[in-house]
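See structure below.
Number of protein chains: 2
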Amino acid sequence: MTDTQGEFELIDWIQQRTPAHAQVPIGIGDDAALLKFNRNGESLVTVDMLLEGVHFTLDTATPFQIGWKSLGVNLSDIAAMGGRAVAAVVSIALPRGRAWELAQGIQEGIDALARQFDVCIAGGDTNTWNGPLVISITALGEPLGNGPIRRGGAQPGDWILVTGNLGGSIAGKHLNFIPRLEEARLLQEHVALHAMIDISDGLAADLHHILDESHVGARIFAAQVPISSAAQAATDGRSPLAHALGDGEDFELLMTLSPADAQSLLANPIFSTHLAHIGEIVAGKTAELIEADGCSTPLLATGWRHSF
Amino acid sequence: MTDTQGEFELIDWIQQRTPAHAQVPIGIGDDAALLKFNRNGESLVTVDMLLEGVHFTLDTATPFQIGWKSLGVNLSDIAAMGGRAVAAVVSIALPRGRAWELAQGIQEGIDALARQFDVCIAGGDTNTWNGPLVISITALGEPLGNGPIRRGGAQPGDWILVTGNLGGSIAGKHLNFIPRLEEARLLQEHVALHAMIDISDGLAADLHHILDESHVGARIFAAQVPISSAAQAATDGRSPLAHALGDGEDFELLMTLSPADAQSLLANPIFSTHLAHIGEIVAGKTAELIEADGCSTPLLATGWRHSF
């Protein structure tokens, strides 16, 4: 709020670039935005804040990528609930001196992803300061199909499926991933998901979130975990499997559902994104990794750490 | 995301302190929150980001006050739309070393205000970093009565009313104001508001927002502008009236409505908060300040600047 003229210009510029949206009769330009929701007035809402030096650096990510990622992480959360994204609001602190250049690139990145999924940027708060770049996005969505899919619905006997290939996201995918909204929509249409989460902390850590909330255990078959080419190419001494289990920011969907529904999806794919059967939910509270030789080891909730 | 253990503890702590809310079947603890809205599924949403060194300093504001203010500015925006606040989500970047102490105080400040207006803190994203304190809140609400009150509805002949007393907020009010949600609710019940805004940039600047959006002009009667005791006590050489017109962060409601509705409110108060008739909307595009001697001068949209 210290560079008022510049901020108003920025907001005007953003407003001009924001297309009209039938579900947002009042968007940028008033005290608050008005959202109309289609289905019984239920709204999903999620927020993520990205910090320069923590979640990205300006040396290794373009402003466009930062904008894309900052919306993408939120859309991934809406997808993880089995929802459809409707709108988002953006607050941002721009480093003085580079504010205009950064804001333009970030807006373009946000806009590109928003258009892809028909998401309305319904409002924002733009600031300049002497600190690092900060961007916080709140996304709003609405539930689809069977309603929101929570972490706590996994049942013993469920199969565990995951989209995409895992690990090594830091090599690039974390800046240009496609949130799995379309896959979530199709899954909601075709099967009864029991539990779902997006992989942000890493497969092992996020699986543990499901297990903890559902009060169940799991067996993961090491040979069936889909490993990304980035994880296979890693040269840091950790195995590709360790990357696939432990790396964060894959932004893939990890879900549990009945064996019958899972087999149906695997036999008759409903989308082109790779879908892998990586394990099963069991009674109890332990998570095991079953290796190719049949040996089992505890699967710990090893998280991930970015290191720039 | 670099201090994972501490963040999970913080989130748990916040979750434990967050009461259940009938309109939020899914709150903190899943990928996204689910909000149920009562009235035709319409949701108001607004976001504001507060930055250390820009909107507050840790020398002059307590963490409790920062938390209170960060929610308050958003609730003031919901009030300005004539809405009821339902929920909010909070993203925060905490300076490493003071993270826990700051987070506790901020949560307490947010919680105190949220409880006062039955607002559910429905989610959040907590981070620690080596930068200054950043807090961004998105508030969600629902329209009341006649639906959302916008900036663009002022009509020539309308009376201009304002709640409270204006100016000198920097002396303290900007950290402990009560957002005018209750007044907004009662106004929506009793009269047909034409336009409304909350005073964040200053009476003159925010009046100009209404005039610009409504394509009208205004006459403001200097002698009728309610001046706060803080503005009267200011010793910086600017007059109390200049403070009342130009200072920001009053977080009062500035509204226009028919003379009949305005007279009814003034004759039969519907709340104890002071309500003043400060001017009228006119055709044209000019804003004039009518001084006590009858002379008129242009009323410029002089904004405000915090200077710590």
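As given, the protein sequences belong to chains A and B, one line each in that order. Every position in the first sequence, counted from 1, becomes a number in the numbering used here once 18 is added. Every position in the second sequence, counted from 1, becomes a number in the numbering used here once 18 is added. A virtual CB, placed ideally from N, CA and C, is assigned to each residue, including glycine.
Exposure label - residue i; buried when at least 16 CB within 10 Å
i                : result
PRO388 (chain A) : Because chain A in this structure spans residues 19 to 326, residue 388 (chain A) falls outside the shown range and cannot be described.
GLU201 (chain A) : buried
THR253 (chain A) : exposed
CYS313 (chain A) : exposed
ALA280 (chain B) : buried
GLU119 (chain B) : exposed
PRO174 (chain B) : exposed
ARG102 (chain B) : buried
LEU318 (chain B) : exposed
ASN148 (chain A) : exposed
PRO161 (chain A) : buried
PHE269 (chain A) : buried
PRO287 (chain A) : exposed
ASP77 (chain A)  : exposed
HIS233 (chain A) : exposed
Length of the line joining the Cα atoms of residue i and residue j
i                : j                : result
GLY255 (chain B) : HIS261 (chain B) : 10 angstroms
VAL63 (chain A)  : GLU207 (chain B) : 29 angstroms
LEU151 (chain B) : ARG169 (chain B) : 32 angstroms
MET99 (chain A)  : ARG237 (chain B) : 52 angstroms
LEU221 (chain B) : ASP143 (chain A) : 20 angstroms
GLY186 (chain A) : GLU231 (chain A) : 27 angstroms
SER246 (chain A) : THR274 (chain A) : 21 angstroms
ALA223 (chain A) : LEU205 (chain A) : 23 angstroms
GLY90 (chain A)  : ALA285 (chain B) : 53 angstroms
GLY123 (chain A) : PHE82 (chain A)  : 5 angstroms
SER257 (chain B) : ALA305 (chain B) : 20 angstroms
PRO277 (chain B) : ILE299 (chain B) : 10 angstroms
HIS73 (chain B)  : ASP311 (chain B) : 38 angstroms
VAL3 (chain A)   : SER282 (chain A) : Past the edges of chain A, shown from 19 to 326, lies residue 3 (chain A), and the structure says nothing about it.
ILE188 (chain A) : LYS303 (chain A) : 31 angstroms
ALA121 (chain A) : GLY141 (chain A) : 15 angstroms
LEU199 (chain A) : LEU69 (chain B)  : 33 angstroms
ASP265 (chain A) : LEU184 (chain A) : 8 angstroms
VAL108 (chain B) : GLN125 (chain B) : 10 angstroms
TRP86 (chain A)  : LEU193 (chain B) : 35 angstroms
ALA172 (chain A) : HIS212 (chain A) : 5 angstroms
GLU267 (chain A) : SER218 (chain A) : 4 angstroms
PRO316 (chain B) : ALA240 (chain B) : 12 angstroms
GLN250 (chain B) : LYS191 (chain B) : 14 angstroms
VAL134 (chain B) : PHE289 (chain A) : Reading off the sequence shown, one finds Gln at residue 134 (chain B), where the question assumed Val. Their backbone Cα atoms lie some 48 angstroms apart in a straight line.
ALA210 (chain A) : LEU293 (chain A) : 16 angstroms
ILE84 (chain B)  : GLY127 (chain B) : 7 angstroms
ALA97 (chain B)  : ALA117 (chain A) : 31 angstroms
LEU158 (chain B) : ASP66 (chain B)  : 12 angstroms
ASP342 (chain A) : VAL104 (chain A) : Here chain A has residues from 19 to 326 only, and residue 342 (chain A) is not among them.
LEU272 (chain A) : ILE228 (chain A) : 9 angstroms
ALA79 (chain A)  : ILE155 (chain B) : 26 angstroms
Under 7 angstroms by beta carbon: chain B residues contacting residue i
i                : result
TRP147 (chain A) : LEU69, GLY71, VAL72
VAL243 (chain A) : Neighbours of VAL243 (chain A) on chain B: none; closest Cβ ~22 angstroms, over 7 angstroms.
THR156 (chain A) : VAL65, VAL107, THR156
Partner residues on chain A for residue i, Cβ-Cβ distance less than 7 angstroms
i                : result
GLY220 (chain B) : Residues of chain A passing the Cβ test: none, with the nearest at roughly 11 angstroms.
SER232 (chain B) : Under the 7 angstroms cutoff, chain A gives no residues; its nearest Cβ is about 12 angstroms from SER232 (chain B).
ALA111 (chain B) : MET67, LEU69, VAL152
Residues that residue i contacts on chain A, provided the C-beta gap is smaller than 9 angstroms
i                : result
GLY186 (chain B) : Near GLY186 (chain B) there are no residues of chain A at all, since even the closest Cβ is about 18 angstroms away, more than 9 angstroms.
LEU275 (chain B) : Result: empty, since nearest Cβ-Cβ is about 17 angstroms, beyond 9 angstroms.
SER290 (chain B) : Those within 9 angstroms of SER290 (chain B) in chain A number zero; the least Cβ separation is about 24 angstroms.
8 angstroms Cβ cut-off: residues of chain A touching residue i
i                : result
SER247 (chain B) : Near SER247 (chain B) there are no residues of chain A at all, since even the closest Cβ is about 25 angstroms away, more than 8 angstroms.
Chain B residues whose Cβ lies nearer than 8 angstroms to that of residue i
i                : result
SER282 (chain A) : Those within 8 angstroms of SER282 (chain A) in chain B number zero; the least Cβ separation is about 25 angstroms.
Closer than 9 angstroms at the beta carbon, the chain B residues around residue i
i                : result
SER257 (chain A) : By Cβ distance, chain B contributes nothing, its closest Cβ being about 22 angstroms from SER257 (chain A), past 9 angstroms.
SER314 (chain A) : Neighbours of SER314 (chain A) on chain B: none; closest Cβ ~26 angstroms, over 9 angstroms.
Within the segment 80 to 128 of chain B, ranges of the alpha helix (DSSP H) (whole runs, at least 4 residues): 81 to 98
Cβ-based contacts, 7 angstroms cut-off: residues of the segment 113 to 147 of chain A near chain B: ALA140, GLY141, GLY142, ASP143, ASN145, TRP147
Short-range partners of chain B found in the segment 87 to 107 of chain A, where Cβ spacing is below 9 angstroms: Against chain B - using a Cβ distance shorter than 9 angstroms - the residues of the segment 87 to 107 of chain A are ASN92, SER94, ASP95, ILE96, ALA97, ALA98, MET99, GLY101, ALA105, VAL107.
Length at least 3, wholly inside the segment 201 to 284 of chain A: the beta strand (DSSP E) runs in chain order: You should have 211 to 216, 235 to 239, 271 to 275.
3-residue-minimum beta strand (DSSP E) runs that sit fully inside the segment 120 to 171 of chain A, ordered along the chain: 138 to 147, 152 to 161
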